[in-house]
Every structure is written in structure tokens, then in C-alpha cells.
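Q: Numbering (the numbering used here), first residue to last: 110 to 206.
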Amino acid sequence: MKILNEEYFSCVLEEISEAKSTIDLIMFHFSFSKSKTHITSKLFDALSNAHKRGVYIRVILDRDNQEDLYMSNRINKVRYDDLKSIGIDVKFDIEQS
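(1) If I'm right that N153 touches R188 with Cβ under 8 angstroms, what's the distance once you round it to whole angstroms?
(2) Leaving out five residues on either side along the sequence, give the residues of the same chain with a beta carbon under 8 angstroms from the beta carbon of K129.
(3) Could you check if L113 is buried or exposed, using at least 16 other CB atoms within 10 Å of its CB as the buried criterion?
(4) Where DSSP assigns a beta bridge to R162, which residues make up the other side?
(5) In angstroms with no decimal places, state the Cα-to-Cα distance between D198 and R172.
(6) Could you check whether K200 and I169 sit closer than 7 angstroms to each other, using their CB atoms as the reference points?
(7) If you draw a straight line from the C-alpha of K246 to the C-alpha of I125, how long is it?
Written out as C-alpha cells, the structure reads:
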């Protein structure tokens, strides 16, 4: 199945809401937004709800070098801490040299 940009998050949210046992998620950027309607806020809430339902969740987030222009290390740190604080198994990938 090919999922295009506009369809990606709606498909992911649906899969998360239907998950019964495990979710494995790898993301390059998982940004934080104060807006509850922002798509990454919805994604975080969906993962949190799945975790509360007893779904085992593993997340791997990108971690680039501190000076990398993508800043995934800094962007993902907030969500890493958020996921960890609610008991979700979250890790950073291996830092690139």
C-alpha cells in the first residue's frame, strides 16, 4: 500500500486507534505543538490512549549530530521526554558521526 503525504497521518491515526497488542513506530521528526489540533499532538494523544488500552508501544526517534541542519536531536527531545514520562518504550537511534 502506498501512503501519500496527505493521507499519512490519517492512516497512522486509524491504525493506532485499532491496535490491539503492539505498535512499532519510527519517526524522523516528532515535533511538539501547544495546539491540541496539531497533527503531532493528535499522534501523541493516540499513542497515549493506545498505551492506556494496554497496547505495547515501541518508538524510535532520529538523533542527528548537534550541528546537523535538520535538528532532529533537539526537535525529538521534547517528545522523547513526553513519551518516556507516560511509560512508552522510546529510544533514539544511533547518533550519526
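Where a beta carbon is used, it is the ideal one built from N, C-alpha and C, also for glycine. Computed from a predicted structure; not experimentally measured.
A: According to the data block:
(1) Going by the sequence as given, residue 153 is Phe instead of Asn. Their Cβ separation, rounded to whole angstroms, is 7 angstroms, which keeps F153 and R188 in contact under 8 angstroms.
(2) Within the same chain, K129 has close Cβ partners V164.
(3) L113 sits exposed, since fewer than 16 C-beta atoms from the chains shown fall within 10 Å of its C-beta.
(4) Answer is none; R162 lacks a bridge partner.
(5) Distance between the alpha carbons of D198 and R172: 16 angstroms.
(6) Yes, these two residues count as a Cβ contact at 7 angstroms.
(7) A query on residue 246 cannot be resolved here, the shown segment of the chain reaching from 110 to 206 and no further.
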